[in-house]
Every structure is written in C-alpha cells, then in structure tokens.
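**Student:**
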Amino acid sequence: MPQTLFTNVHVFDGVNEQRMENASVLVEGNLIKSVSTDAIDAPNATVIDGGGRTLTPGFIELHAHLMLMGPTLPAMEANTTWEDFAIHGARMAEMYLMQGFTTVRDAGGANGGLRRAIDAGQIDGPRYFPSGAFIGTRGGHADFANFTAPPGSETNMSRLNLAQEISGVDDVYKFARNNFRMGATQLKFMQSGGVVSAFDPWQLLAGSPEEIRAAVQVANEYGSYVMAHSYRKEAILSALEAGVMSIEHGFSFDCEIAQVMNEKGAYITTNLTAFDPGLLDIPAVANVPSSLAKAKSASATFAGYIDNMKECPVKRGFQTDCVGSVEACNIQIAYEKKHLNNEFFGPYTSMVTLTSTGGEVVALSGDFMNPYSAGKLGVIEEGAYADILLIDGNPLEDFSVVGTGDQWFGADPRPDSPETIRLIMKDGVIYKNTLE
Ligand SMILES: [Zn+2]
Numbered sequence: 270m271p272q273t274l275f276t277n278v279h280v281f282d283g284v285n286e287q288r289m290e291n292a293s294v295l296v297e298g299n300l301i302k303s304v305s306t307d308a309i310d311a312p313n314a315t316v317i318d319g320g321g322r323t324l325t326p327g328f329i330e331l332h333a334h335l336m337l338m339g340p341t342l343p344a345m346e347a348n349t350t351w352e353d354f355a356i357h358g359a360r361m362a363e364m365y366l367m368q369g370f371t372t373v374r375d376a377g378g379a380n381g382g383l384r385r386a387i388d389a390g391q392i393d394g395p396r397y398f399p400s401g402a403f404i405g406t407r408g409g410h411a412d413f414a415n416f417t418a419p420p421g422s423e424t425n426m427s428r429l430n431l432a433q434e435i436s437g438v439d440d441v442y443k444f445a446r447n448n449f450r451m452g453a454t455q456l457k458f459m460q461s462g463g464v465v466s467a468f469d470p471w472q473l474l475a476g477s478p479e480e481i482r483a484a485v486q487v488a489n490e491y492g493s494y495v496m497a498h499s500y501r502k503e504a505i506l507s508a509l510e511a512g513v514m515s516i517e518h519g520f521s522f523d524c525e526i527a528q529v530m531n532e533k534g535a536y537i538t539t540n541l542t543a544f545d546p547g548l549l550d551i552p553a554v555a556n557v558p559s560s561l562a563k564a565k566s567a568s569a570t571f572a573g574y575i576d577n578m579k580e581c582p583v584k585r586g587f588q589t590d591c592v593g594s595v596e597a598c599n600i601q602i603a604y605e606k607k608h609l610n611n612e613f614f615g616p617y618t619s620m621v622t623l624t625s626t627g628g629e630v631v632a633l634s635g636d637f638m639n640p641y642s643a644g645k646l647g648v649i650e651e652g653a654y655a656d657i658l659l660i661d662g663n664p665l666e667d668f669s670v671v672g673t674g675d676q677w678f679g680a681d682p683r684p685d686s687p688e689t690i691r692l693i694m695k696d697g698v699i700y701k702n703t704l705e
C-alpha cells in the first residue's frame, strides 16, 4: 500500500491543547499508521517535509445543506429541478473540501446519491453523512408547500425526497425508513420553527412525543440516531427525553439542559451566525415585518446562550447551516469559524469543535449505517482515517490561519481555498498541495 510520511510537523491531534512538537506522521493507504516524535522508518514512503507547520485533522461540518441553493424556500419549491439541486450539491461539496472540511454532515435535503459520486471519485468532496428528507409537521420548519396547498399535498421537495410532511407516527415510520433506504446515515426531525420561514413561529413545539419517539425508534432499528432542530427549552428537553442525540441550534440552552445532555451523552451544534447583529439587516429579515419581529424576539430570548454554554459546558460541534449560493456559503463558513467560534470560545475550543467532537457525532450513525467505519474521524492518531491538513503557523495561537472571515454580509468573495491551508488530504489522497 502506498505510504506518505509527513516530517517536521507540530501535531494538533484534535483533542489535546498541547501540540506534539517536531513530530512525524506516517500514512499508509487511507489510514494513519503512526504518529511519533522519533524518526519513522519508512523507506518507500513519499516524504513531505512539513517545514514546522501545524498538522491537524481535516475539519468537520456538522450541519450543512448541500442541496439547498436558495435564494428562498418558496423559490426552491417553485422553480428548482433535480439537476439544479445536483449541480449545486456537487459544487458545494467541492467548496467544502477545498476549505479544509474533509467530512460534512448534511442536516436535511440530501440523499445518498451525492455520497456515491464523491466516494466513487466522480466529483471531489468531503466524506458525506446525509439525513435524507427533513421530517416535519404541517406548518413546521420543513413545510415547503405553497400557501394554499392542502395538507399532504405532493410538493417538489417531497417528490425528490428533500422534505416530507408527517401527520402521526405511521408517517414517521414510512418516511424515516425511506430515508435510510435512500442512503441517509441519520434522521433529521424538525421540532421548532424558524425566523426566515413563512408559517412557523420559532417557539413552535412541533411533533408529538410519540412522533419524535417514532423517529428515534426507526433510527435505532438502523443502529443510528436522530438530530432535531430545537430552539425552545421545552422542545430541547422533550427531544432529549425521546432519545435524540444531536440538538441543532438549541438556542434556549441553559444549565438545566446541559445537565440532561451530559447525563444522556448528547451533543449540541451551534450556528453562531444566529447571534450576529447583522442578521437583522439582511433583506430576507429586514424587509419582511413578520420575520423582523420574529428575529427580534428570538435574539432577546437567546441572549444568555453563549454565557450559559461557557458556564455549563456540553459537547459542542461546528455548524454553519448555510442555504444559498456557493460563494455566499463560503463567506458564511469563514465568518462562522472566526466571529463565532474563535471570538466567543477561543482557538483551542474552536479547534476541538471543528475536529474531534465532529468525529464523535458522525460516529453515532453506528456500525451499520456509517459509511466510513474503518477508523476514527477528527483525530490524528494511529488507526484514524488519513484526513489531514497542513497549516501555516499555529491555529491555537492565531486562529485566522484556518481560513476565517471578518465580515459576513457585503463581504468580498473568498478564495476557493485559504492560502494558509497548504495541504489537504482526505482518505490518504492529496487534493491540494502548495508546498512545492
Ligand atoms: Zn439547518
């Protein structure tokens, strides 16, 4: 099997705050074979001199929507064909990989086809964990139907299995099982509402306990888990009670929730762009009085989020939740890295969030549904997958080297790949190398 030997690198292993200084990392095939501060003897390996740079695990995005190009939910319902979704998904996959993300979990709207194309080498992209169709109630956050469409109407999104409307546990069983059949690795349940969407107050408590438990039951049939879009405290607690393992957004997070999460071993993913004051200025919010009112009430309720999370820490993963053009999502990802993670939580916590915590979350998809179960993701250790970045400088001291952005709305387009990320390897294959 081909070997690659990285020498003269400082290793951030995804977990420890101290880098392993002056180390070598040997990759064999698609796995890491050894990590050592002693010289590694590998006479047949291709040697890459890291020149004192930092070697880190590839980044992990836990909440993307690679298929959803926007500009609005009604526009996607009305005008978008399967070709549009597929082309957008392929371009998003390539963008994510070149931004240093070697793994992406999709939080709704994508089935197994994109992963098949990536894993077969037909297009470049990260390892991919799709959720199949969003599962949500009538009037909930995944209801894309036109305003006058009767309940249960077929939609563009339901035909393509991007979103399914449920009414009762039988619908949950039907669509949840269909998601796994179509290549999902976990399920996504829409509990709370949203700010920009049309029909749903953000405080919505959608899905009966029976319906959420039905989703968890189907996920467990497949050895996998459920992620839930939950804002309100009652929503988060009922999701955890039902066995949901991944709370998405969780904006009403407090120390009582933290205690339940830690008891159950559950995770939260945070898209901190939701706390950006600039959000109130985006046209989709500013020009729609009902959305503006929702945004203001949400920001008031969620004011304690960051402080609560610092006071009562839980396992927290990185998410961007971008719906929009590839160029806009590239900007949003860079901004989420900086403004949100680094400025609120500091570089070390942000690096853990981007790497090992993400690896733990995607591994919850279990032995049967995890398409990448031969090694760990998000860490640099013996036996882990060879998903590796070589970065100029030390991200634990200067976080900007991971490719951060200072501005969100109105920002200039970002480069296809950050200059400071000099090498990107996924599954033992090098996709970028500017060291030579
Ligand atoms: Zn989302």
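Numbering-wise (our numbering), the sequence shown opens with residue 270 and increments by one. Glycine included, every Cβ here is placed at the ideal spot set by N, Cα and C. Here the structure is a predicted model, which means the values were calculated and not measured.
Runs of 4 residues minimum, wholly inside the stretch 603-630: which ones carry the alpha helix (DSSP H) assignment?
**Tutor:** If we require 4 residues or more, the alpha helix (DSSP H) runs fully inside the stretch 603-630 come out as 616-623.
**Student:** Examine ligand 1 and report whether any of its heavy atoms sits within less than 7 Å of the Cβ of ASP440.
**Tutor:** Sequence index remark: in the sequence shown, residue 440 carries index 171 (1-based). Not under cutoff, so the answer is no.
**Student:** Kindly indicate which residue of GLY381, PHE544, ASP375 has the alpha-carbon position closest to the one of ILE730.
**Tutor:** Because the chain here runs from 270 to 705, residue 730 falls outside it and cannot be looked at.
**Student:** Within the present structure, is the beta-carbon of ALA355 separated from the nearest heavy atom of ligand 1 by less than 7 Å?
**Tutor:** Walking along the sequence shown from the start, residue 355 turns up at place 86. No, the Cβ of ALA355 stays beyond 7 Å of every heavy atom of ligand 1.
**Student:** Report, in whole angstroms, the separation of the C-beta atoms of VAL316 and THR276, which I expect to be a contact under 8 Å.
**Tutor:** Here residue 316 is taken as the residue at index 47 of the sequence shown, counted from 1. Here residue 276 is taken as the residue at index 7 of the sequence shown, counted from 1. The pair is a contact, with the Cβ atoms about 6 Å apart (cut-off 8 Å).
**Student:** How long is the line joining the alpha carbons of GLU651 and LEU300, rounded to whole angstroms?
**Tutor:** If you number the sequence shown from 1, residue 651 lands on position 382. If you number the sequence shown from 1, residue 300 lands on position 31. Cα to Cα, GLU651 sits roughly 8 Å from LEU300.
**Student:** What does the alpha-carbon distance come out to for the pair PRO640 and GLY358?
**Tutor:** Here residue 640 refers to the residue found at position 371 when the sequence shown is read from its first residue. Here residue 358 refers to the residue found at position 89 when the sequence shown is read from its first residue. Those two C-alpha atoms are separated by around 19 Å.
**Student:** Checking the sheet assignment: what are the DSSP bridge partners for PHE403?
**Tutor:** As a working mapping, residue 403 is identified with position 134 in the sequence shown. DSSP output for PHE403 lists ALA432 as bridge partner(s).
**Student:** With respect to 7 Å, is the separation between the Cβ of GLY377 and the closest non-hydrogen atom of ligand 3 below this value?
**Tutor:** This structure lacks ligand 3; the ligands present are ligand 1.
**Student:** With three or more beta-carbon pairs closer than 8 Å as the criterion, would you say the stretch 543-560 touches the stretch 481-494?
**Tutor:** The stretch 543-560 is not in contact with the stretch 481-494.
**Student:** Going by Cα to Cα distance, which pick from GLY319, LEU274, PHE281, ASN285 is closest to THR703?
**Tutor:** Reading the sequence shown from its first residue, position 434 is the one you call residue 703. Of the listed residues, the one whose Cα sits closest to THR703 is GLY319.
**Student:** Between the Cα of ILE505 and the Cα atoms of LEU646, ILE526, TYR397, CYS598, which residue gives the shortest distance?
**Tutor:** For the purposes of this step, residue 505 is identified with residue 236 of the sequence shown, where counting begins at 1. Per the Cα distances, ILE526.
**Student:** For HIS608, verify whether its CB is less than 7 Å away from any heavy atom of ligand 1.
**Tutor:** For the purposes of this step, residue 608 is identified with residue 339 of the sequence shown, where counting begins at 1. Incorrect: HIS608 has no Cβ contact closer than 7 Å to ligand 1.
**Student:** Please classify ILE481 as buried or exposed, where buried requires at least 16 other C-beta atoms within 10 Å of its C-beta.
**Tutor:** Here residue 481 refers to the residue found at position 212 of the sequence shown. ILE481 should be labelled buried.
**Student:** Mind checking which residues open and close the beta strand (DSSP E) that includes GLY319?
**Tutor:** Locating residue 319 in the sequence shown gives position 50, where the first residue counts as 1. Where GLY319 is concerned, the enclosing beta strand (DSSP E) stretches over 315-326.
**Student:** Please confirm whether any heavy atom of ligand 1 lies closer than 7 Å to the CB of ASP590.
**Tutor:** Counting from 1 along the sequence shown, the entry for residue 590 is found at position 321. Within the cutoff, so yes.
**Student:** Taking ALA411 and ALA432 to be in contact with their CB atoms under 8 Å, please state how far apart those CB atoms are, rounded to whole angstroms.
**Tutor:** The residue you call residue 411 lines up with position 142 of the sequence shown. The residue you call residue 432 lines up with position 163 of the sequence shown. At roughly 4 Å, the Cβ-Cβ gap stays under 8 Å, so ALA411 and ALA432 are in contact.
**Student:** Quick check: the stretch 559-567 against the stretch 321-328, are at least 3 beta-carbon pairs closer than 8 Å?
**Tutor:** Segments in contact, no.
**Student:** Just curious, the alpha helix (DSSP H) that ASP375 is in, first and last residue?
**Tutor:** Walking along the sequence shown from the start, residue 375 turns up at place 106. Looking at the DSSP string, ASP375 is not in any alpha helix (DSSP H); the run it does join, the beta strand (DSSP E), is 370-375.
**Student:** Helix, strand or coil for GLY697, going by three-state DSSP, please let me know.
**Tutor:** For the purposes of this step, residue 697 is identified with residue 428 of the sequence shown, where counting begins at 1. GLY697: coil per DSSP, three-state reduction.
**Student:** Pop quiz: ILE649 and MET694 are said to be a contact at Cβ under 8 Å. What is the actual Cβ separation, rounded to whole angstroms?
**Tutor:** Residue mapping note: residue 649 aligns to position 380 of the sequence shown, counting from 1. Residue mapping note: residue 694 aligns to position 425 of the sequence shown, counting from 1. That belief does not hold up - the Cβ atoms of ILE649 and MET694 are roughly 11 Å apart, past 8 Å.
**Student:** Starting from GLU290, trace the alpha helix (DSSP H) in both directions and tell me its first and last residue.
**Tutor:** Along the sequence shown, one-based indexing puts residue 290 at 21. Premise fails: GLU290 lies in the beta strand (DSSP E), 289-297, not in any alpha helix (DSSP H).
**Student:** Whole beta strand (DSSP E) runs in the stretch 549-599 with 3 or more residues, listed along the chain?
**Tutor:** Qualifying beta strand (DSSP E) stretches, in chain order: 584-587.
**Student:** Between ASP661 and VAL670, is the Cβ-Cβ spacing less than 8 Å?
**Tutor:** Working through the sequence shown from its first residue, we reach residue 661 at position 392. Working through the sequence shown from its first residue, we reach residue 670 at position 401. Closer than 8 Å, so yes.
**Student:** Assuming TRP677 and THR570 are in contact, meaning their beta carbons sit under 8 Å apart, how far apart are those beta carbons, in whole angstroms?
**Tutor:** By one-based count along the sequence shown, residue 677 stands at place 408. By one-based count along the sequence shown, residue 570 stands at place 301. Not a contact, Cβ separation roughly 22 Å.
**Student:** Going by the CB atoms, is the gap between LEU342 and ASP375 shorter than 8 Å?
**Tutor:** As a position in the sequence shown, residue 375 is number 106, starting the count at 1. As a position in the sequence shown, residue 342 is number 73, starting the count at 1. No, the pair does not count as a contact, with Cβ atoms beyond the cut-off.
**Student:** CA-CA distance, GLN472 and ALA632?
**Tutor:** Within the sequence shown, numbered from 1, the residue matching residue 472 stands at position 203. Within the sequence shown, numbered from 1, the residue matching residue 632 stands at position 363. Taking the straight line joining both Cα atoms gives about 30 Å.
**Student:** Following the continuous alpha helix (DSSP H) through HIS357, name the residue where it begins and the one where it ends.
**Tutor:** Counting from one through the sequence shown, the residue named residue 357 turns up at place 88. That run of the alpha helix (DSSP H) goes 351-367.
**Student:** Where do the N-terminal and C-terminal ends of the alpha helix (DSSP H) with ILE441 fall, by residue?
**Tutor:** By one-based count along the sequence shown, residue 441 stands at place 172. The residue asked about is misnamed: residue 441 is Val in this sequence, not Ile. Segment 438-450, the alpha helix (DSSP H) holding VAL441.
**Student:** So, is GLU580 buried or exposed, given that buried needs 16 or more other C-beta atoms within 10 angstroms?
**Tutor:** Within the sequence shown, the letter at position 311 stands for residue 580. By the 10 Å Cβ count, GLU580 comes out exposed.
**Student:** Can you name the start and end residues of the alpha helix (DSSP H) that MET345 belongs to?
**Tutor:** What you label residue 345 is simply residue 76 of the sequence shown in a count that begins at 1. Taken as a continuous stretch (DSSP letters only), the alpha helix (DSSP H) holding MET345 covers 342-348.
**Student:** May I ask whether a heavy atom of ligand 1 can be found less than 7 Å away from the beta carbon of HIS334?
**Tutor:** Sequence index remark: in the sequence shown, residue 334 carries index 65 (1-based). Checking the Cβ of HIS334 against ligand 1 gives yes.
**Student:** The alpha helix (DSSP H) with GLN486 in it runs from where to where?
**Tutor:** Within the sequence shown, numbered from 1, the residue matching residue 486 stands at position 217. Per DSSP, GLN486 belongs to the alpha helix (DSSP H) from 478-490.
**Student:** Looking at VAL592 and GLY339, is the spacing between their C-beta atoms short of 8 Å?
**Tutor:** Against the sequence shown, residue 339 aligns to sequence position 70. Against the sequence shown, residue 592 aligns to sequence position 323. Their beta carbons are under 8 Å apart, which means GLY339 touches VAL592 by this criterion.
**Student:** On the premise that GLY409 lies in contact with MET459, defined as a C-beta separation below 8 Å, what is that separation, rounded to the nearest angstrom?
**Tutor:** Mapped onto the sequence shown, residue 459 falls at position 190. Mapped onto the sequence shown, residue 409 falls at position 140. With 8 Å as the limit, MET459 and GLY409 qualify as a contact, their Cβ atoms being about 5 Å apart.
**Student:** Taking the beta strand (DSSP E) that ASP658 falls in, what are its first and last residues?
**Tutor:** Along the sequence shown, read from residue 1 onward, the residue named residue 658 stands at position 389. Rather than Asp, the amino acid found at residue 658 in this sequence is Leu. Looking at the DSSP string, the run of the beta strand (DSSP E) that includes LEU658 is 657-660.
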